[in-house]
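For the sequence shown, our numbering assigns the number 8 to the initial residue and increments by one for each residue that follows.
Every residue gets a Cβ at the ideal spot worked out from N, C-alpha and C, and that includes glycine.
Here's the structure, in C-alpha cells; my notes come after.
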Amino acid sequence: MSNRAVVVDSEAPGRLVIRPVPEPTPDRGEAVVRVKALSLNRGEVRRSGMAPAGWRPGWDLAGTVERAAADGSGPRAGARVVGLLPEGAWAERVVVPTHALAALPDKVTFSQAATFPVAGLTALYGLAKRGQILGRRVLVTGATGGVGDFAVQLARLSGAHVTALVRRADQVAAVRQWGAHEVVVGEEISPAPKYDLVLDSVGGRTLGTALVALDRGGVAVTLGVSASAEVTFDTRTFFVGGGATLYGFYLFVEVGAEPAGGGLRRLAELVAGGQVSPHVSLERPWTDIAQVAQDLMARRFPGKAVLTLE
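Written out as C-alpha cells, the structure is:
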C-alpha cells in the first residue's frame with residue numbers, strides 16, 4: 008500500500024511537494040490514522056522555509072483510525088478522530104500516540120476538527136494560565152488569527168470580559184461577532200483599563216504595552232511573535248503593579264503535562280454543542296499545499312486554512 012506526504016524540496020516553488028514516503032510503523036501505544044483533513048499554522052510553514060530537503064512538516068490532522076493501538080488504548084478502528092503530532096502530520100497515513108488523539112462527535116466535520124490541535128489547544132491551555140476567568144478582564148491580541156479566534160470565543164464562553172486587538176478597522180465586526188465585548192485597533196495597548204489575563208501572539212510593541220496594562224496578579228501569556236520577537240517595556244510600571252507574570256507558552260511543552268487528547272475532546276464537544284465555531288477561511292485540496300502556505304505567510308486570508316485529502 009502506497010503512502011504519500013508533504014516534504015520539503017528546496018528546489019520546488021514554495022519548497023513543499025507531495026512525495027511517496029515509507030509506510031508508518033506504529034508502536035504499541037500508537038494508532039494508524041488515514042488523514043482526511045489538515046490545517047496550516049505559521050510556525051510549521053515558517054520552519055519549512057528553512058528546513059533541509061526531505062523534512063516532513065505538519066502538526067494538525069483529522070481522519071479515521073485505520074488500525075487501533077496494539078495496547079488497546081485510544082479510539083477503535085474506523086473511529087473519526089482529531090490528532091496532534093510534533094511533525095509529519097501532512098500525509099495520507101500517519102501514526103499518532105493515543106494520548107494525542109480524540110474521537111469526534113458526528114456533528115463535527117473533519118475540516119472543523121483539523122483546526123483544533125494547535126490553534127484550539129493553544130487558546131484553551133493558554134486561557135487556563137490565570138485560573139478561573141469568570142468575571143475577569145481578558146485581552147486577546149492577534150484576534151483574527153487561528154489562536155485568537157478560538158481564544159475570543161472560549162474566553163467569552165468562560166464568562167470573561169473580552170477585549171480583542173486587531174490590525175485594521177475592517178476586522179472589528181468579525182471579532183465582535185465571535186464574542187469580543189470591546190475591540191482595539193492598532194498595535195498599542197492603553198495602560199488603562201487593566202487586564203487580568205493577556206494572550207499575546209504579536210510580540211513587539213503590542214506585548215510591551217500589554218505588560219504595563221496588567222492588573223495586580225495578572226498574567227501575560229506570550230505564544231507568538233507575528234510582529235517582532237524583540238520586546239521593550241517599562242519595567243518599573245510592570246513591577247510596581249505587583250505580582251504580574253509573563254508566561255512563555257509553547258504548546259509542545261504544555262502537552263507533556265496535559266496531554267492533547269483531553270483538550271481535543273473538550274474542543275470537539277464544544278463545537279458539537281454549538282458553543283464554539285471554528286472559522287475556516289480557505290478550504291482546498293492538499294495538492295495546493297505550496298500555494299496555500301505562501302498565501303498564509305503573506306496574510307492573504309484571516310483565520311485558518313484547511314486542506315483536504317481524498
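- Inclusion of Ala305 and Phe123 in the CB contact set at 9 angstroms is not warranted, their separation being larger than that value.
- Residue state for Glu276 is assigned as helix, using DSSP reduced to three classes.
- In the displayed model, Glu265 falls within coil according to three-state DSSP, outside both helix and strand.
- Under the DSSP assignment, Asp222 falls outside any alpha helix (DSSP H), being part of the beta strand (DSSP E) whose first and last residues are Leu221 to Thr229.
- Between the stretch 265–273 and the stretch 292–301 there are fewer than three C-beta pairs closer than 8 angstroms, too few to call the two in contact.
- If you draw a straight line from the Cα of Gly248 to the Cα of Leu221, it is about 8 angstroms long.
- Inclusion of Val14 and Ile25 in the CB contact set at 9 angstroms is warranted, their separation being smaller than that value.
- In the DSSP assignment, Ile25 falls within the unbroken beta strand (DSSP E) covering Leu23 to Pro27.
- Short of 8 angstroms from the beta carbon of Phe256, and not among the five residues preceding or following it, lie these beta carbons of its own chain, in chain order: Thr129, Tyr132, Gly133, Lys136, Val228, Thr229 and Leu230.
- The alpha-carbon separation between Thr216 and Glu237 amounts to approximately 13 angstroms.
- Val232 is not a Cβ neighbour of Leu45, given a cutoff of 9 angstroms.
- In the DSSP assignment, the residues bridged to Asp67 are Leu91.
- The C-beta distance from Ala84 to Gly65 rounds to 23 angstroms, too long to meet the 8 angstroms contact threshold.
- Two segments are said to touch when three or more pairs of C-beta atoms, one from each, lie closer than 8 angstroms; by this definition the stretch 184–196 touches the stretch 161–174.
- Under the three-state reduction of DSSP output, Lys136 falls in the helix class.
- In the DSSP secondary-structure assignment, Pro292 is bridged to Thr315.
- In this structure, Arg144 and His168 form a Cβ contact; the two beta carbons are roughly 5 angstroms apart against a cut-off of 8 angstroms.
- Pairing Ala126 with Gly153 gives a Cβ-Cβ distance under 9 angstroms.
- The residues Ile140, in chain order, have a CB closer than 6 angstroms to that of Ser165 in the same chain once the five nearest residues on each side in sequence are set aside.
- For Gly155, same chain residues with a beta-carbon under 6 angstroms away, outside a window of 5 residues either side, are Val147 and Gly149 in chain order.
- Taken atom to atom, the span from the alpha-carbon of Leu92 to that of Leu68 is near 8 angstroms.
- Membership of Leu218 in the alpha helix (DSSP H) is indicated by the continuous run Gly211 to Leu218.
- The residue from Thr151, Val72, Thr242 and Val39 with its alpha-carbon nearest to that of Ser208 is Thr151.
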